[in-house]
Each structure stands twice: as structure tokens, then as C-alpha cells.
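Structure first, commentary second.
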Amino acid sequence: MRPLIIIGNWKMNGSLAVNADWVKTVCRGMEQGMPAGRQYAVCAPFPYLAQCSQLIQDCSLAFLSLGAQDVSAFESGAYTGEVAASMLKEMTCKYVLVGHSERRQLHQETDELIAEKALQVLDSGMTPVICVGESADERNSGREVEVVRGQIAKQVAVLQDRLADCLIAYEPIWAIGTGQVASAQVAQDMHRAIRLQLAEFDGDVASHVGILYGGSVKPDNAVELFAMPDIDGGLIGGASLNPQDFLAICQA
Ligand code: 13P
-5 MRPLIIIGNW KMNGSLAVNA DWVKTVCRGM EQGMPAGRQY AVCAPFPYLA QCSQLIQDCS
55 LAFLSLGAQD VSAFESGAYT GEVAASMLKE MTCKYVLVGH SERRQLHQET DELIAEKALQ
115 VLDSGMTPVI CVGESADERN SGREVEVVRG QIAKQVAVLQ DRLADCLIAY EPIWAIGTGQ
175 VASAQVAQDM HRAIRLQLAE FDGDVASHVG ILYGGSVKPD NAVELFAMPD IDGGLIGGAS
235 LNPQDFLAIC QA
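For the sequence shown, the working numbering begins at -5 and goes up steadily by one.
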């Protein structure tokens, strides 16, 4: 059985004061009791990882952990402005997002680079969350499965068996920050297609890999999404900024 995993992605939001309030509120809420067998995390901006790491350790709930939003494809050296996987590990990160559509679009990240980043994360003992998803144009022209299959194929080619230790996040670009959530069935269909593609490579990998859905997940649509057989959790953007909404999604 794959555990349900719910990860908040704050993107470029937060402040020392806001973060402290967020972690304390979420912690207090989670201490009241959470559905068993789930994992939760929040991906904070780099400068706040140390702060959030301390806050999350103080809260000491085994199922709540920290994540980062990106990582360098290089191990160390002359890469001004980059952050190494080993540094994220020291900051107690458990998950690292790679290939978020905002990085693909705004920073021209390629599938090859994303796979290199995922390798760095794995080599440092953390879990990469590999983000994939099609644009509105690609879906409207009926190419959504082809596009996502292309993205996954590049990851399979580089990561091979190590994909078993990764998470995949299907985030259709048209659903991110738009309020236009994919229906549970549309999301399930793509998650199924991804799992079948992984099974073409290796049945064990396919049954192990958690596939999260992201894109306008809110407290009122989370239950239906998470009930789908191939949806193993969520990657939550806007709604994760509000601790009460994040808690409600975690409890869905
Ligand atoms: P929203 O939940 O704001 O649509 O963002 C999704 C996302 O990009 C999470 O990584």
C-alpha cells in the first residue's frame, strides 16, 4: 500500500513571522490527531529552511517534515546562487521538488537537467518530487498524454530503478494557481497513464511510486481527488499558505 503524502509548496511566499505562526498552527492542529499512515511536509523557500527545520523539530511529529523547492544539479563548487542537495539534507529536508512547471517555464529547465537534479537528491538520501504536466494548449490539442509520457520517459532513461525512491507530481499547468482544478477523473486518468508507463519499465517500480496531484487543490475538492486509486496525495500551492486550509486538506 502506498501511503498518502501531502506536501505544501509555499513558492516565494512567507516571512519569519508568518512561517512561525504557520508551523505552530499546523502543529497544534495535527497534535489533535491525524488519519493514520500519512506523511505531510512543507517546502519552504531556501532562506527559511533553517528556521522551519527548527520549528518542525520543536513540534516533533514523526509524520510532519520539511522540503525544499529546488536544488542544484551539481554537487558543489563554483555555481553562484545554487544550493546543493547536501546542504538541503543538512537542513533536515526530506523532500525536494524538481522540475516544477514554474522552473521549467521561467528558468528553461529541461527534462535532462531535472533528472540530474533528482539524482543529486537521491544521492543525498532525500526523496525527489519530480513534477510533470501539460499546458492548456497541449491538452486542448489532445496531446496531454504524449507530453507527459515524454517527460516521464526522460526520467526513466536516467533514473531507472532509482525511480522507486522518487515521487512524481502530476501538475497540469492550466490548473496551477487558476482555481481550475482537474476533475478527479481527469487527474486519475493521467495518474493511471503514468503508472502504466512506469509498469512498461518495471512493475515493482510502478506499484511503489507515489503519484501526487497538484493544481488548485482546496479543502473542498481534496477528498474526491485523494479517493482515486492512482492519486497518492497532493502538492498544494496557494491553499498551503493558509494553515487552516492546509490542515483541512491534510485531514481530507
Ligand atoms: P496551486 O495549488 O496554487 O494551484 O499550485 C499548485 C502548485 O504549483 C504546487 O506545486
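Here a beta-carbon is modelled for each residue, glycine too, at the ideal position from N, C-alpha and C.
For H101, is the classification buried or exposed, using 16 other Cβ atoms within 10 angstroms of its Cβ as the cut-off for buried? exposed
So is the beta-carbon of A216 under 7 Å away from any non-hydrogen atom of the ligand 13P? no
Assuming I188 and A216 are in contact, meaning their beta carbons sit under 8 Å apart, how far apart are those beta carbons, in whole angstroms? That pair is no contact at about 20 Å.
Assigned exposure category for Q114 - 16 Cβ within 10 Å defines buried: buried
If we ignore side chains and look at the alpha-carbon of each, how far apart do I230 and G71 end up? 33 Å
If you measure from the CB of G208, is any heavy atom of the ligand 13P nearer than 7 Å? yes
Secondary structure of T172, DSSP reduced to three states: coil
On the criterion of 16 or more Cβ atoms from any shown chain inside 10 Å, does G209 qualify as buried, or is it exposed? With at least 16 other beta carbons inside 10 angstroms of its own, G209 counts as buried.
Between which two residues does the alpha helix (DSSP H) holding P237 run? 237 to 245
For A233 and M81, what's the separation of their Cα atoms in angstroms? 28 Å
Just to confirm, does V90 get its C-beta within under 7 Å of one of the non-hydrogen atoms of the ligand 13P? No, the Cβ of V90 stays beyond 7 Å of every heavy atom of the ligand 13P.
According to DSSP, is V36 helix, strand or coil? Three-state DSSP puts V36 in a strand.
On the DSSP letters alone, give me the boundaries of the beta strand (DSSP E) that C87 sits inside. First-last of the beta strand (DSSP E) with C87: 87 to 92.
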